[in-house]
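Enquirer: Protein chains in written order, with this note's numbering: chain A, 1215 to 1715; chain B, 367 to 627.
By construction, the Cβ of each residue, glycine as well, lies at the ideal position given by its N, Cα and C atoms.
No experiment lies behind these values; they were computed from the predicted model shown.
#1: Excluding the 5 residues preceding and the 5 following residue 1785 of chain A in the sequence, name in chain order all residues of the same chain whose CB lies nearer than 8 Å to its CB.
#2: Among the residues of its own chain, which have a CB less than 6 Å from the CB of residue 529 of chain B, if the five just before and after it don't count?
#3: If contact is defined by three or more beta carbon pairs under 8 Å, each pair taking one atom from either stretch, is the stretch 1665-1680 of chain A in contact with the stretch 1605-1618 of chain A?
#4: Give the secondary structure of residue 411 of chain B by DSSP, where H, G and I count as helix, E and B as strand, and everything else as coil.
#5: Can you tell me whether residue 383 of chain B is helix, strand or coil according to DSSP?
#6: Whose Cβ in chain B lies nearer than 9 Å to the Cβ of residue 1301 of chain A?
#7: Using DSSP with H/G/I as helix, E/B as strand and the rest coil, what is residue 504 of chain B?
#8: Short of 6 Å in beta carbon distance, which residues of its chain neighbour residue 1625 of chain A, apart from the five on each side in sequence? Order them along the chain.
#9: Got a sec: is the Cβ-Cβ distance from residue 1304 of chain A to anything in chain B below 7 Å?
#10: In chain order, what residues of the same chain have a beta carbon less than 7 Å from the beta carbon of residue 1681 of chain A, not counting five sequence neighbours either side?
#11: For the stretch 483-517 of chain B, which residues have a beta carbon sitting closer than 7 Å to at least one beta carbon of chain A?
#12: Under a Cβ-count criterion, where at least 16 other Cβ atoms within 10 Å of its own Cβ denotes burial, should residue 407 of chain B be classed as buried or exposed?
#13: With a threshold of 7 Å between beta-carbons, can residue 535 of chain B be considered close to chain A, or not?
#14: If the cut is a Cβ gap below 8 Å, which residues of chain B does residue 1463 of chain A touch?
#15: For residue 526 of chain B versus residue 373 of chain B, is the C-beta distance shorter than 7 Å?
#16: Use the C-beta contact count for residue 1649 of chain A: other C-beta atoms within 10 angstroms, 16 or more gives buried, fewer gives exposed.
#17: Quick one, which of A/1515, A/1465, A/1361 and A/1510 has its alpha-carbon nearest residue 1450 of chain A's?
#18: At a CB-CB cut-off below 9 Å, which residues of chain A make contact with residue 551 of chain B?
#19: Does the CB of residue 1298 of chain A have a neighbour CB from chain B at under 7 Å?
#20: Counting along the chain, where does the alpha helix (DSSP H) carrying residue 1613 of chain A start and finish?
#21: Could you tell me whether the stretch 512-525 of chain B touches the stretch 467-478 of chain B, where touching means 3 or more Cβ pairs closer than 8 Å?
#22: Under 7 Å between C-beta atoms, does residue 467 of chain B make it to chain A?
#23: Identify whether residue 377 of chain B lies in helix, strand or coil by the three-state DSSP scheme.
#24: Just the Cα atoms here: how many angstroms apart are residue 1277 of chain A and residue 1232 of chain A?
#25: Hey, is residue 1289 of chain A's beta-carbon within less than 7 Å of any beta-carbon in chain B?
#26: With 7 Å as the threshold, decide whether the Cβ of residue 1403 of chain A is near any Cβ in chain B.
#27: Residue 500 of chain B to residue 1335 of chain A, Cα distance in whole Å?
#28: Can you tell me whether residue 1236 of chain A is buried or exposed, with buried defined as 16 or more other CB within 10 angstroms of its CB?
#29: What residues from chain A crowd round residue 435 of chain B, counting only those whose CB sits closer than 8 Å?
#30: Roughly how many angstroms separate the alpha carbons of residue 1307 of chain A and residue 381 of chain B, rounded to a whole number?
#31: Which parts of the stretch 1666-1715 of chain A are runs of the alpha helix (DSSP H), unbroken and 4 residues or longer, counting only runs that do not cross its ends?
#32: Checking the sheet assignment: what are the DSSP bridge partners for residue 578 of chain B?
#33: Report the CB separation of residue 1653 of chain A from residue 1533 of chain A in whole angstroms; it is logged as a contact under 8 Å.
#34: In whole angstroms, what separates the C-alpha of residue 1632 of chain A from that of residue 1594 of chain A?
#35: Hey, out of A/1578, A/1249, A/1230 and A/1297, whose CA is closest to residue 1275 of chain A's CA?
#36: Between residue 1373 of chain A and residue 1313 of chain A, what straight-line distance do the alpha-carbon atoms span, to the nearest angstrom?
Now the structure itself:
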């Protein structure tokens, strides 16, 4: 049974190709989804991101699938082969159609198997549904690549067919980037979209520069892509059959199979692209899930699918809130963190991409809203692309040290700390970094290690710089009201922090 | 007078590679039996076999195999399913077992997967490789590979079997075994064998065809070839001597056979 399934290649060769095809999505899964790490919820990406990943993690798999096809065809179907050369009789439809169909199916399944770790990991930590559409979109490409590779192997009939089989998938991806990149809109849709329906006909590629493929994964896109795969399989089989019927010593026979192989998929891809099934649509307005920190006017809201991010930011914010005594922030109107580009409105004139109920809940929370980058950097989220930007906003919201405003402007010009204003400015300059480092450390991570913010030196400045994050945290909690009033002198700092040194 | 059932018929066939004439006005008929093809390098043997196996289209003339005109697409397609061909050099799937190779060859030639098993067993038995059926092809000796190629060529039991140097690399015992098989197979099939080993043909060939520079010099029995031997040529067998003398002569000998269609 297995021998029949894997024909014409040997089980060992097939196994090598399968493992190679599965390795890239599996390794990407481990890398992107934190598999095997201590706090996996930190790395568990959202369902939306998983959907994107499933459509682009196939690139290396494509190359290997194409080589797999070329290898199998060259071994069995070259004119020098005694096994199934083009010049024998029998049904050419069966001789080429069956291996192409079988190999394409196996390649698609190998890709799906490679994606399983990512899918399982995300489902485990986000509670979303299985992204069938995205998976089908991703599986389609290796299947088509196998068919193209098989026809290369049949037409060329030598090991040299491995060269175009290696280059073709890479070239298609490169061409897709070149064709689609100029269409990158300046908008702030999630993900930042290439905005071309060609994406459904071309292999989708993550550029790694924040501009993600604008591929709308819906039933019509999935159907269009699989129709294209069927056309590619049929064209590849037809090219092989033409090779069998027309092959003779020399090259006079090669025009017809090559024409079918190149023109039919190109025309079908163009038609699919023109039909535009992959036009990007923003996600529907939603009601966010919001959580607040007890006793501190600090809330975090996220799309229901972004539970992992919500939990992560809640832990960050609990750490950040611990820097402020409750009585010091009671008067603040508060801060609401909106996680990710899901909040970006789909139409102009809308504040957020929320349902009426969602808007009501958000208004009920009050406070200032900031949209935090948790997926791709856009115009809306670029300002809060890191935790340090968020803690800086928290400090601005909760600490009101107007007396230190001038000193803060000169914090990198001062030689020593002279008065209460310079001390407050020196502390406030360090505070966001210290807060973000402490938040990261609370999750088992590490901060940036930045210290020595501000140019001042001398006993008081050195004590502040040399204090550990825990010491700095305790010092700020003890003296926050004095810092806000610029009432802490350098000698106070020496008396307070100097006791520990 | 010998009579044959005609399966392959070439009529006034010529073929040229550019300006070089590889075959010149060759007319031949093959029925059941072993037909030996002799000639020096460049004589046109491979070209003739390419035409018989439908791989090359003659520049002029007509070719019919089992009644099908192979110059038409449908005729060529029909003819190919009745031809088994072993080229001079060929490849197998080295990482697969011998059985897998031959079985896939049978399936590719139109047998069902289940029937391919019996066919492969039969073919391997004919070439004496039954015991090696589970071996990987890469582990086989040169002679075994040659016989494996023959097994692939015969696995679908073709009506017309065309073999280019089938006994190259075989030891004497293996050559005798292959000759025995071809002799038996030719009882009900057409076998066209190209070889430089005249004694192989002497053992089994019903007819011998000698080509030189694209011209058919002899179309007759092995006895006809032996009859041309020079009495003083004691270092060669009568057939080798006759063959040598034929090549150094100039006049093609007329065929005295009568053929039926």
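Expert: Answer, in terms of the structure:
#1: The requested residue 1785 of chain A is not part of the displayed model; chain A covers only 1215 to 1715.
#2: Position 163 of the second chain, counting from 1, holds the residue named residue 529 of chain B. So the qualifying residues of the chain are 452 and 559.
#3: no
#4: To locate residue 411 of chain B, count along the second chain from 1; it is residue 45. Helix at residue 411 of chain B.
#5: For this step, residue 383 of chain B is matched to residue 17 along the second chain. DSSP places residue 383 of chain B in strand when its eight states are reduced to three.
#6: Locating residue 1301 of chain A in the first chain gives position 87, counting from the first residue. Per Cβ cutoff of 9 Å: 419, 420, 421, 446, 449 and 451.
#7: Mapped onto the second chain, residue 504 of chain B falls at position 138. Residue 504 of chain B: helix per DSSP, three-state reduction.
#8: By 1-based counting over the first chain, the position of residue 1625 of chain A is 411. Cβ within range, chain order: 1639, 1643 and 1668.
#9: In the first chain, residue 1304 of chain A corresponds to position 90, counting from 1. Closer than 7 Å: yes.
#10: Counting from 1 along the first chain, the entry for residue 1681 of chain A is found at position 467. Here the set comprises 1689 and 1711.
#11: 515
#12: Taking the first residue of the second chain as 1, we reach residue 407 of chain B at position 41. Burial call: exposed.
#13: Position 169 of the second chain, counted from the first residue, corresponds to residue 535 of chain B. Cβ-Cβ to chain A under 7 Å: no for residue 535 of chain B.
#14: Here the question's residue 1463 of chain A lines up with position 249 in the first chain. Residues of chain B passing the Cβ test: 416, 421 and 422.
#15: In the second chain, counting from the first residue as 1, residue 526 of chain B sits at position 160. In the second chain, counting from the first residue as 1, residue 373 of chain B sits at position 7. Cβ distance < 7 Å, so residue 526 of chain B and residue 373 of chain B count as in contact.
#16: For the purposes of this step, residue 1649 of chain A is taken as the residue at position 435 of the first chain. Burial call: buried.
#17: Reading the first chain from its first residue, position 236 is the one you call residue 1450 of chain A. The candidate whose alpha carbon is nearest that of residue 1450 of chain A is A/1361.
#18: Your numbering for residue 551 of chain B matches position 185 in the second chain. Per Cβ cutoff of 9 Å: no residues; residue 551 of chain B is ~17 Å from chain A at best.
#19: As a position in the first chain, residue 1298 of chain A is number 84, starting the count at 1. It does; some Cβ of chain B falls within 7 Å.
#20: Taking the first chain and counting its residues from 1, the one referred to as residue 1613 of chain A is at position 399. Counting along the chain, residue 1613 of chain A falls outside any alpha helix (DSSP H), and DSSP gives it neither H nor E.
#21: yes
#22: Counting from one through the second chain, the residue named residue 467 of chain B turns up at place 101. Judged by the 7 Å Cβ criterion, residue 467 of chain B is in contact with chain A.
#23: Residue numbering aside, residue 377 of chain B sits at position 11 when the second chain is read from its first letter. The three-state secondary structure of residue 377 of chain B, taken from DSSP, is strand.
#24: Residue 1277 of chain A sits at position 63 when you count from the first residue of the first chain. Residue 1232 of chain A sits at position 18 when you count from the first residue of the first chain. Whole-angstrom Cα-Cα distance: 12 Å.
#25: Here residue 1289 of chain A refers to the residue found at position 75 of the first chain. Interface residue, yes.
#26: For the purposes of this step, residue 1403 of chain A is taken as the residue at position 189 of the first chain. The predicted position of residue 1403 of chain A is uncertain, since its pLDDT is 44 and thus under 50; a value taken from the coordinates is nonetheless stated next. Chain B contact via Cβ: absent.
#27: In the second chain, residue 500 of chain B corresponds to position 134, counting from 1. In the first chain, residue 1335 of chain A corresponds to position 121, counting from 1. Rounded to whole angstroms, residue 500 of chain B to residue 1335 of chain A spans 43 Å at the Cα level.
#28: One-based indexing of the first chain puts residue 1236 of chain A at position 22. With 16 or more other Cβ atoms from the protein chains shown falling within 10 Å of its own Cβ, residue 1236 of chain A counts as buried.
#29: If you number the second chain from 1, residue 435 of chain B lands on position 69. Here the premise fails: no neighbours, minimum Cβ distance about 16 Å.
#30: As a position in the first chain, residue 1307 of chain A is number 93, starting the count at 1. As a position in the second chain, residue 381 of chain B is number 15, starting the count at 1. Distance between the alpha carbons of residue 1307 of chain A and residue 381 of chain B: 31 Å.
#31: 1673-1680, 1683-1698 and 1704-1711
#32: Translated into positions along the second chain, residue 578 of chain B becomes position 212. Per DSSP, B/581.
#33: Mapped onto the first chain, residue 1653 of chain A falls at position 439. Mapped onto the first chain, residue 1533 of chain A falls at position 319. Rounded, the Cβ-Cβ distance is 4 Å, consistent with contact.
#34: Locating residue 1632 of chain A in the first chain gives position 418, where the first residue counts as 1. Locating residue 1594 of chain A in the first chain gives position 380, where the first residue counts as 1. Straight-line Cα distance between these residues: approximately 40 Å.
#35: Position 61 of the first chain, counted from the first residue, corresponds to residue 1275 of chain A. Here the closest residue by C-alpha is A/1230.
#36: Stepping through the first chain from its first residue, residue 1373 of chain A is reached at position 159. Stepping through the first chain from its first residue, residue 1313 of chain A is reached at position 99. Spanning the two alpha carbons is a distance of roughly 18 Å.
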